[in-house]
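J.: Counting in our numbering, the sequence shown runs from 7 upward without gaps.
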Amino acid sequence: MPKVTQEHRAARRRQILAAAREVFTDKGFAQTSTGEIVAASGLSTGAVYSYFPSKNDLVAAVCEDAVDNLIDLASIRDAAEMLDRLRARHAGHARLMAQVWAEAAVSPDLAVQVRAQLVKDQEKVAGLIRQDRCARGLPDSPDPCGVAGSLLAMLTGCSQRLAIGQDIDTAAFRQAVRTLLGDTT
């Protein structure tokens with residue numbers, strides 16, 4: 007039997023996540039069955055379950071993917087870019103994330119997974135903040151982890167506003183992020 011490469015596994019994972027995102031966005035989280043995600047992915051049930059043992063695991067991975075595609079070193083340095091990415095990514099995704107938050111509020115199992123993902127996201131963003139501060143010769147204060155949590159909370163609020171069709175003032179967002187990051191330039 008041929009050995010499955012890491013690239014192949016990563017491609018399959020992306021394929022499943024894309025299918026899950028599409029179906030969740032179209033039908034909503036609660037109304038989507040794992041079978042519908044399997045069908046949309048074009049893979050077998052066993053293949054999907056080998057990557058994601060449950061629908062909640064898929065939801066957590068969709069959330070992780072959203073943060074990975076939204077925040078990087080460049081967007082930490084440019085709040086307008088971060089907001090543009092949020093707008094571009096979140097046309098349907100904002101509605102999906104609103105549903106995830108609502109479902110996590112009433113599903114203890116999903117809430118555990120969403121909280122665990124939030125911790126990972128906060129650690130990732132804190133690392134980017136540290137990296138940015140180091141590159142610019144800035145002090146490591148205020149606490150990068152606390153700043154990251156606040157930034158993620160701001161982005162969640164922005165996403166919720168986008169979900170209901172309310173846009174965000176780019177200049178105000180940029181200033182808020184600069185203040186939060188301690189950027190006086």
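Glycine residues also receive a C-beta, built at the ideal position from the N, C-alpha and C atoms.
(1) Sorted by chain position, which residues of the same chain lie with C-beta nearer than 7 Å to Val-29's C-beta, five sequence neighbours on each side aside?
(2) Please state if the CB of Ser-165 and the CB of Met-103 are separated by a distance shorter than 8 Å.
(3) If we count the other Cβ atoms within 10 Å of its Cβ and call it buried at 16 or more, is Gln-137 buried or exposed?
(4) Go to Phe-179, then tell me how far its alpha helix (DSSP H) extends in each direction, as first and last residue.
(5) Please classify Gln-37: does DSSP put it in a helix, a strand, or coil?
(6) Within its chain, find whatever has a CB closer than 6 Å to the CB of Ala-110; leave out the 5 residues flanking it on each side and keep chain order.
(7) Measuring straight from C-alpha to C-alpha, what distance separates Arg-167 and Met-160?
(8) Apart from the five residues on each side of it in sequence, which residues of its chain come closer than 6 Å, Cβ to Cβ, to Glu-70?
(9) Assign Gln-105 to buried or exposed, taking buried as 16 or more other Cβ atoms, counted over all protein chains shown, within 10 Å of its Cβ.
(10) Identify which residue in Ser-113, Thr-176, Ile-170 has its Cα closest to the Cα of Lys-61.
(11) Going by beta carbon distance, what residues of the same chain come within less than 7 Å of Ile-77, once the five residues before and after it are set aside?
(12) On the three-state DSSP scale, how would you describe Thr-11?
(13) Do Ser-81 and Arg-93 have their CB atoms nearer than 8 Å?
(14) Just the Cα atoms here: how many angstroms apart are Gly-34 and Arg-142?
(15) What residue range is occupied by the uninterrupted alpha helix (DSSP H) comprising Asp-71?
T.: To lay it out plainly:
(1) Result list for Val-29: Thr-38, Glu-42, Ile-43, Ala-46, in chain order.
(2) The criterion of a C-beta distance shorter than 8 Å is satisfied by Met-103 and Ser-165.
(3) Around the CB of Gln-137, fewer than 16 other CB atoms lie within 10 Å, so the residue is classed as exposed.
(4) Phe-179 -> alpha helix (DSSP H) spans 176-187.
(5) Three-state result, Gln-37: coil.
(6) Sequence-distant partners of Ala-110 (beyond 5 residues in either direction) whose C-beta falls short of 6 Å from its own C-beta, in its chain, are Leu-116, Ala-117, Val-120.
(7) As the crow flies, the alpha-carbon of Arg-167 is around 11 Å from that of Met-160.
(8) Once the five neighbours on either side are set aside, the close Cβ partners of Glu-70 are Gln-123.
(9) By the neighbour-count rule (16 or more Cβ atoms within 10 Å), Gln-105 is buried.
(10) Residue Ser-113 is the option with its Cα nearest to Lys-61.
(11) Same-chain partners within the cutoff: Met-88, Val-131, Leu-134.
(12) Reduced to three states, the DSSP call for Thr-11 is coil.
(13) Their beta carbons are not under 8 Å apart, which means Ser-81 does not touch Arg-93 by this criterion.
(14) Roughly 43 Å separates the two Cα atoms.
(15) Asp-71 -> alpha helix (DSSP H) spans 61-76.
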